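Notes for the one structure printed next.
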Amino acid sequence: MMRALVMLLVALQAWAQDPALERRASALERELRCLVCQNQSLAESNAPLAMDLRNQIRSQLAAGKSEREVLDYLVERYGDFVRYRPPLKASTVLLWAGPFVFLVGGFYLLARNLRRRRVPEPQLTSAERERAAKLLE
Amino acid sequence: MKKLGWTLGVFVALVALLAIGLRLNPREVPSPLIGKPAPAFELPLLMTPDKRFSERDMLGQVWILNVWASWCPPCLVEHPVVTRIAKSGLAPVVGLNYKDAREEALPWLARNGNPYRLIVYDADGRIGIDYGVYGVPETYVIDRKGVIRYKHIGPLTAEVVQQKVEPLVKALAAQ
Chain Y
1 MMRALVMLLV ALQAWAQDPA LERRASALER ELRCLVCQNQ SLAESNAPLA
51 MDLRNQIRSQ LAAGKSEREV LDYLVERYGD FVRYRPPLKA STVLLWAGPF
101 VFLVGGFYLL ARNLRRRRVP EPQLTSAERE RAAKLLE
Chain V
1001 MKKLGWTLGV FVALVALLAI GLRLNPREVP SPLIGKPAPA FELPLLMTPD
1051 KRFSERDMLG QVWILNVWAS WCPPCLVEHP VVTRIAKSGL APVVGLNYKD
1101 AREEALPWLA RNGNPYRLIV YDADGRIGID YGVYGVPETY VIDRKGVIRY
1151 KHIGPLTAEV VQQKVEPLVK ALAAQ
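Top line first, the protein sequences correspond to chains Y and V. Using our numbering, the first residue of the first sequence is number 1, and each one after it goes up by one. Using our numbering, the first residue of the second sequence is number 1001, and each one after it goes up by one.
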């Protein structure tokens, strides 16, 4: 509890000092995965490593590095896995193209099934037609 | 009949995919550092803080870098395995004490034994970040030229040592 409070105060202080830097840092943190608890971003995670990395990001941005440079710094150490949007490479083609392949495949199957299901118009004999007309009167 | 075959095929493919997915360990993220020079550092020793050690001091030999901390339960689990490697004389094992406190790390070693050739002290975890450490313990095999050849995340087991570490270290030492 105390720790959370202190962290909040530190964050508020940083915000008060340089809101623009803080905005850049937190935008970047939302793009990065925390490797300790992999379903959280660096911005959300309270793992000690995430805190260290957040500090690194802030101090590097404050030192005048660009987002690109900070991102490269982290990818060099932890791999593309830290990015929620990994670059398009041979190893990630399936990841990027997969959803579209499924979409196109799904549409194909849907179209095929719909075409098959089309029931032919019922053919009535003239006697049946007359009967139907009588019933409808 | 054809339709049944299709459905069955899709089902089997899906089961196979899920089975593979279940066997993958999501914590084993491929390290981008494999095949790259070990990141440079110069850190004080845990035991003798006035002395410093750098990864360059190990150039010319195959060595193992083991990241551990007294606050990390899996480190205690793998400790006998690390001890066995060190005792076997396979390769020198250097410890990197990660985000720990001296007054806790030293009693931990006194209790559990110290298998390390030497231990460097990375109090703020800064070097840990350079090595892409995220789940202590982590173990690196570094070759004569100072290139990282293998990384194991999580506690070392006898199987990992037997199947991966030992053959690799022997092959690298023979080069």
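Where is the CB? At the ideal position from N, CA and C, for every residue including glycine. All values reported here derive from a predicted model rather than from experimental measurement.
Selection from V/1094, V/1080, V/1110 that minimises the alpha carbon distance to residue 1062 of chain V | Reading the second sequence from its first residue, position 62 is the one you call residue 1062 of chain V. Answer by Cα proximity: V/1094.
Under the criterion of a Cβ to heavy atom distance below 7 Å, does residue 52 of chain Y qualify as lining the ligand FAD?
-> Annotation note on the ligand FAD: not contained in the displayed structure, which lists no ligands.
Among Y/64, Y/104, Y/41, the one whose alpha carbon lies nearest that of residue 33 of chain Y = Locating residue 33 of chain Y in the first sequence gives position 33, counting from the first residue. With distances taken between CA atoms, residue 33 of chain Y lies nearest to Y/41 out of Y/64, Y/104, Y/41.
Nearest-angstrom Cα distance between residue 1032 of chain V and residue 1148 of chain V?
-> The residue labelled residue 1032 of chain V in the question sits at position 32 within the second sequence. The residue labelled residue 1148 of chain V in the question sits at position 148 within the second sequence. Those two C-alpha atoms are separated by around 10 Å.
Residue 1100 of chain V CB to nearest chain Y CB: under 8 Å?
-> As a first step, residue 1100 of chain V is located in the second sequence; it is residue number 100 there, counting from the start. No, its Cβ sits nowhere closer than 8 Å to a Cβ of chain Y.
Would you decide whether residue 1131 of chain V is buried or exposed? Buried here means 16 or more other CB atoms lie within 10 Å of its CB.
-> As a working mapping, residue 1131 of chain V is identified with position 131 in the second sequence. Only buried fits residue 1131 of chain V, as 16 or more other CB atoms lie within 10 angstroms of its CB.
Going by the beta-carbon positions, is the gap between residue 1140 of chain V and residue 1122 of chain V smaller than 8 Å?
-> Reading the second sequence from its first residue, position 140 is the one you call residue 1140 of chain V. Reading the second sequence from its first residue, position 122 is the one you call residue 1122 of chain V. No, these two residues do not count as a Cβ contact at 8 Å.
Let me know if residue 113 of chain Y comes out buried or exposed under the rule of 16 or more other beta-carbons within 10 Å of its beta-carbon.
-> For the purposes of this step, residue 113 of chain Y is taken as residue 113 along the first sequence, with counting starting at 1. Per the 10 Å Cβ criterion, exposed.
Beta-carbon spacing of residue 1161 of chain V, residue 1085 of chain V below 8 Å | Residue 1161 of chain V sits at position 161 when you count from the first residue of the second sequence. Residue 1085 of chain V sits at position 85 when you count from the first residue of the second sequence. For residue 1161 of chain V and residue 1085 of chain V, yes; Cβs fall inside 8 Å.
Quick one: using the 10 Å Cβ neighbour count with 16 as the cut-off for buried, is residue 102 of chain Y buried or exposed?
-> Position 102 of the first sequence, counted from the start, is the residue given in the question as residue 102 of chain Y. By the neighbour-count criterion, in which a residue is buried when 16 or more other Cβ atoms sit within 10 angstroms of its Cβ, residue 102 of chain Y is exposed.
Taking just the CA atoms, how far does residue 51 of chain Y sit from residue 62 of chain Y?
-> Position 62 of the first sequence, counted from the start, is the residue given in the question as residue 62 of chain Y. Position 51 of the first sequence, counted from the start, is the residue given in the question as residue 51 of chain Y. Each residue's alpha carbon lies about 16 Å from the other.
Out of Y/56, Y/80, Y/92, point me to the one whose CA is closest to residue 1182 of chain V's CA.
-> There is no way to answer for residue 1182 of chain V, as the model of chain V reaches only from 1001 to 1175.
The beta strand (DSSP E) with residue 1141 of chain V in it runs from where to where?
-> On the second sequence, residue 1141 of chain V is found 141 positions in, with the first residue counted as 1. Counting along the chain, residue 1141 of chain V sits inside the beta strand (DSSP E) bounded by residues 1138 to 1142.
Starting from residue 81 of chain Y and walking both ways along the alpha helix (DSSP H), at which residues does that stretch end?
-> Position 81 of the first sequence, counted from the start, is the residue given in the question as residue 81 of chain Y. From DSSP, residue 81 of chain Y is part of no alpha helix (DSSP H); its letter is neither H nor E.
So is residue 29 of chain Y buried or exposed if we call it buried at 16+ other beta carbons inside 10 Å?
-> Position 29 of the first sequence holds residue 29 of chain Y. Buried, since its Cβ has 16 or more Cβ neighbours within 10 Å.
Check whether the Cβ of residue 49 of chain Y lies closer than 8 Å to any Cβ atom in chain V.
-> The residue given as residue 49 of chain Y occupies position 49 in the first sequence. It does; some Cβ of chain V falls within 8 Å.
Along chain V, which residues have their Cβ under 8 Å away from the Cβ of residue 75 of chain Y?
-> Along the first sequence, one-based indexing puts residue 75 of chain Y at 75. Those are 1032, listed as they occur along chain V.
Shortest alpha-carbon distance to residue 1114 of chain V belongs to which of V/1143, V/1075, V/1163?
-> Locating residue 1114 of chain V in the second sequence gives position 114, counting from the first residue. From the listed residues V/1143, V/1075, V/1163, the smallest Cα separation to residue 1114 of chain V is found for V/1075.
Taking only beta-carbon positions, decide if residue 56 of chain Y is within less than 8 Å of chain V.
-> For the purposes of this step, residue 56 of chain Y is taken as residue 56 along the first sequence, with counting starting at 1. Yes, residue 56 of chain Y lies at the interface with chain V (some Cβ there is under 8 Å from its Cβ).
Return the CA-CA distance between residue 1064 of chain V and residue 1135 of chain V, expressed in angstroms with no decimal places.
-> Within the second sequence, residue 1064 of chain V is the residue found at index 64, counting from 1. Within the second sequence, residue 1135 of chain V is the residue found at index 135, counting from 1. So the two alpha carbons sit approximately 17 Å from each other.
Of all Cβ atoms in chain Y, is any one closer than 8 Å to the Cβ of residue 1122 of chain V?
-> Here residue 1122 of chain V corresponds to residue number 122 of the second sequence, with the count starting at 1. Residue 1122 of chain V does not count as touching chain Y.
For residue 1127 of chain V and chain Y, any beta-carbon pair shorter than 8 Å?
-> Position 127 of the second sequence, counting from 1, holds the residue named residue 1127 of chain V. No - not a single Cβ of chain Y is within 8 Å of the one on residue 1127 of chain V.
Coil, strand or helix - residue 73 of chain Y by DSSP | For the purposes of this step, residue 73 of chain Y is identified with residue 73 of the first sequence, where counting begins at 1. Looking at residue 73 of chain Y - three-state DSSP - the assignment turns out to be helix.
Bounding residues of the alpha helix (DSSP H) (the contiguous stretch that carries residue 91 of chain Y) | As a position in the first sequence, residue 91 of chain Y is number 91, starting the count at 1. No alpha helix (DSSP H) contains residue 91 of chain Y, which DSSP labels as neither H nor E.
Give, in chain order, every unbroken run of the alpha helix (DSSP H) that is at least 4 residues long and sits entirely within the segment 1017 to 1083 of chain V.
-> Correct list: empty.
From residue 120 of chain Y to residue 35 of chain Y, what does the alpha carbon distance come to, in whole angstroms?
-> Along the first sequence, one-based indexing puts residue 120 of chain Y at 120. Along the first sequence, one-based indexing puts residue 35 of chain Y at 35. Rounded to the nearest angstrom, the two C-alpha atoms are 58 Å apart.
Identify the contact partners of residue 72 of chain Y in chain V, using a Cβ-Cβ distance below 9 Å as the criterion.
-> The residue you call residue 72 of chain Y lines up with position 72 of the first sequence. Correct list: empty, because the minimum Cβ distance to chain V is about 11 Å.
Might you give, ordered along the chain, the residues of its own chain that have their beta carbon closer than 6 Å to the beta carbon of residue 26 of chain Y, omitting 5 neighbours on each side?
-> As a first step, residue 26 of chain Y is located in the first sequence; it is residue number 26 there, counting from the start. Sequence-distant partners of residue 26 of chain Y (beyond 5 residues in either direction) whose C-beta falls short of 6 Å from its own C-beta, in its chain, are 43.
Beta carbon proximity, residue 1095 of chain V to chain Y, threshold 8 Å = Sequence index remark: in the second sequence, residue 1095 of chain V carries index 95 (1-based). No, residue 1095 of chain V does not count as interfacial toward chain Y.
Enclosing beta strand (DSSP E) for residue 1094 of chain V [first to last residue] = For this step, residue 1094 of chain V is matched to residue 94 along the second sequence. In the DSSP assignment, residue 1094 of chain V falls within the beta strand (DSSP E) that extends over 1093 to 1098.
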